[in-house]
Amino acid sequence: DVKVTQSSRYLVKRTGEKVFLECVQDMDHENMFWYRQDPGLGLRLIYFSYDVKMKEKGDIPEGYSVSREKKERFSLILESASTNQTSMYLCASSPREGRNEQFFGPGTRLTVL
Amino acid sequence: TQLLEQSPQFLSIQEGENLTVYCNSSSVFSSLQWYRQEPGEGPVLLVTVVTGGEVKKLKRLTFQFGDARKDSSLHITAAQPGDTGLYLCAGELDSSYKLIFGSGTRLLVRP
Numbered sequence: 005d006v007k008v009t010q011s012s013r014y015l016v017k018r019t020g021e022k023v024f025l026e027c028v029q030d031m032d033h034e035n036m037f038w039y040r041q042d043p044g045l046g047l048r049l050i051y052f053s054y055d056v057k058m059k060e061k062g063d064i065p066e067g068y069s070v071s072r073e074k075k076e077r078f079s080l081i082l083e084s085a086s087t088n089q090t091s092m093y094l095c096a097s098s099p100r101e102g103r104n105e106q107f108f109g110p111g112t113r114l115t116v117l
Numbered sequence: 388t389q390l391l392e393q394s395p396q397f398l399s400i401q402e403g404e405n406l407t408v409y410c411n412s413s414s415v416f417s418s419l420q421w422y423r424q425e426p427g428e429g430p431v432l433l434v435t436v437v438t439g440g441e442v443k444k445l446k447r448l449t450f451q452f453g454d455a456r457k458d459s460s461l462h463i464t465a466a467q468p469g470d471t472g473l474y475l476c477a478g479e480l481d482s483s484y485k486l487i488f489g490s491g492t493r494l495l496v497r498p
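Set out below in structure tokens:
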């Protein structure tokens with residue numbers, strides 16, 4: 005059974021803390037994505053990576069950075085968490101070939117106090 | 388920029404009723420995907436439509452891609468409580484790694 009796993013389902017952090025969200029996929033996919041999901045706004049792309057050590061900004065990269073040192077792992081970093089980063093964070097992966105059909109992890113609900 | 392508009396945003400229906408969800412854009416997509424997301428989980432791909440005018444059926448779900456590849460619809464026949472969830476459409480633009488997601492339709496099917 006193919007999987008995308010995320011390191012935490014729920015996370016509570018304080019304003020100003022550095023936050024790491026980890027995502028691992030076991031499908032040998034080249035592409036990996038980080039989204040945030042907020043009510044009424046759908047999924048908004050933060051960053052994506054199409055290869056190891058490669059990254060591209062999505063639609064809302066401000067306040068975030070990413071790291072992809074290994075093909076199976078894509079990390080999202082909040083350098084200094086703020087309350088407006090309280091959200092559901094979803095990681096996804098897709099193969100290079102095909103229609104970019106994405107496989108999602110279960111999400112991390114992050115609350116920043 | 389919201390390129391994909393979904394309607395309705397919310398839908399609450401009785402078990403056994405039919406419903407249609409719409410996904411509209413002014414952009415042309417090379418393909419369009421539909422996902423369903425259940426509470427506390429990530430979205431799961433239901434179907435991908437590629438050709439203008441294409442119709443795909445998945446049991447009681449019928450998906451259609453518009454002739455101009457700018458819009459799509461999802462029709463559910465005889466809805467069941469298990470159909471409850473958030474339905475998301477996502478468009479693939481040519482020469483892009485990105486998917487453009489709609490804002491979603493939240494469906495509740497009451498027993």
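Going down the list, the sequences are from chains A and B.
If you count the first sequence from 1, position 24 lands on 28 in this note's numbering, and the numbers rise without skipping.
If you count the second sequence from 1, position 27 lands on 414 in this note's numbering, and the numbers rise without skipping.
All C-beta atoms in this analysis are idealised placements derived from N, C-alpha and C, irrespective of residue type, glycine included.
Please read these numbers as outputs of a predicted model, since none were measured by experiment.
Asked, Found
"By DSSP, does A/D30 sit in helix, in strand, or in coil?", "coil"
"Residues in the region 77 to 108 of chain A with C-beta within 7 Å of chain B's C-beta atoms, listed in sequence order?", "L94, R103, N104, E105, Q106, F108"
"Using a Cβ-Cβ cut-off of 8 Å, state whether A/Y54 counts as contacting chain B.", "yes"
"Against A/L45, what residues of chain B qualify as contacts under a CB-to-CB distance less than 7 Å, listed in chain order?", "S490"
"Could you check how far apart the C-beta atoms of B/L406 and B/I463 are, in whole angstroms? I think they sit under 8 Å.", "5 Å"
"Could you check whether the Cβ of B/L398 sits closer than 8 Å to any Cβ belonging to chain C?", "Of the chains in the structure shown, none is chain C; the protein chains are A and B."
"Looking at the structure shown, is B/G429 part of a helix, part of a strand, or coil, going by DSSP?", "coil"
"Could you work out which residues of chain B lie near A/P65, taking near to mean beta carbons separated by less than 8 Å?", "Chain B residues near A/P65: none, gap ~13 Å exceeds 8 Å."
"Would you say B/V442 faces chain A, with C-beta separation under 8 Å as the test?", "no"
"Where DSSP assigns a beta bridge to B/N411, which residues make up the other side?", "B/E392, B/D458"
"Three-state secondary structure (DSSP) at A/T87?", "helix"
"List, in chain order, every chain A residue whose beta-carbon is nearer than 8 Å to that of B/T435.", "R103, E105"
"When the Cα atoms are used, what is the spatial distance from A/L45 to B/S490?", "5 Å"
"Return the residues of the region 453 to 468 of chain B that lie within a Cβ-Cβ distance of less than 8 Å from chain A, sorted by chain order.", "none"
"Should A/L117 be labelled buried (16 or more other beta-carbon atoms within 10 Å of its own) or exposed?", "exposed"
"How about A/L94 and A/L47: are their beta carbons less than 8 Å apart?", "yes"
"Taking Cβ-Cβ distances shorter than 7 Å, what residues in chain A pair up with B/S418?", "R103"
"Going by alpha carbons, who is nearest to B/E479 out of B/S413, B/S417, B/V408?", "B/S417"
"Could you tell me whether the region 427 to 440 of chain B touches the region 448 to 464 of chain B, using the rule of 3 or more Cβ pairs below 8 Å?", "yes"
"Using the rule of at least 16 other Cβ atoms within 10 Å of the residue's Cβ for burial, across every protein chain shown, is B/F397 buried or exposed?", "exposed"
"In chain B, which residues lie less than 8 Å from A/G111 when you measure between Cβ atoms?", "G427, E428, G429"
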